[in-house]
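Here the structure comes first, spelled out in structure tokens, and everything after it is commentary.
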Amino acid sequence: MSVEQTTQLIQLILNSVLMSVTCALVLSGLTVRHAGIGDRLEDSYQDDRLKTNLDPARYHSLTRRQLRRLQQRYSISRYSVLTAYYALFFSALSCFALALRGILDWNWLISVALGIFVLGIAALLVAVGLTLMEIHLSDSPLLAEPSNLWHWGKPPQVRSNSRRPVKKTLSALGQRVKVG
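Numbering of the sequence shown is given in my numbering, commencing with residue 18 and proceeding in unit increments.
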């Protein structure tokens, strides 16, 4: 191989590694989101079993509609995570094919690696598109979604009181240190 071909091969390998890192980051975020939606769905099932003393006609119509929408979101989120796994697999496979091309003098491996790389990019875009569809189904603002998933499952007093005592404790701790 010439120096120019070696340089191009190294650039292609770096592109595949960067794509793998991007896929891994997106996959981790989607996995956390999917787990949060799953926890919310599980808690909704438990709440549905526990709340038997409410007006059955009104309560069940609201809950069933919300549960159906949450099930749709969970299903779409599952497909999004699966597609992100495929994107990570394709990017790693592309990197492997390019590394194999560095060892062996088979020029057709570059075309195969680029085709696999394009499949990885397409899979990553589909995963992001499915996530955007799932966010659209949530009927809440885009910036409120992460905080809703983060705080789901925590008791209300932990959520509302968690900010105040930290500030008071830190200021009181600072005063104690200055005095002592």
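We put the CB at the ideal spot given by N, CA and C, even for glycine.
- Where S128 is concerned, the enclosing alpha helix (DSSP H) starts and stops at 125-154.
- A distance below 8 Å separates the beta carbons of L110 and I133.
- Spatial neighbours of T48 in its own chain (CB-CB distance under 7 Å, excluding positions within 5 residues in sequence) are listed in chain order as V98.
- CA-to-CA, the gap between R82 and S61 works out to about 12 Å.
- The DSSP-derived three-state label of S92 is helix.
- The Cβ atoms of L105 and S37 sit closer than 8 Å to each other.
- S97 carries a helical assignment under DSSP once its states are collapsed to helix, strand and coil.
- Ranked by Cα distance from R85, the first of G137, V135, I54 is I54.
- A direct Cα-to-Cα measurement between T100 and T24 gives close to 31 Å.
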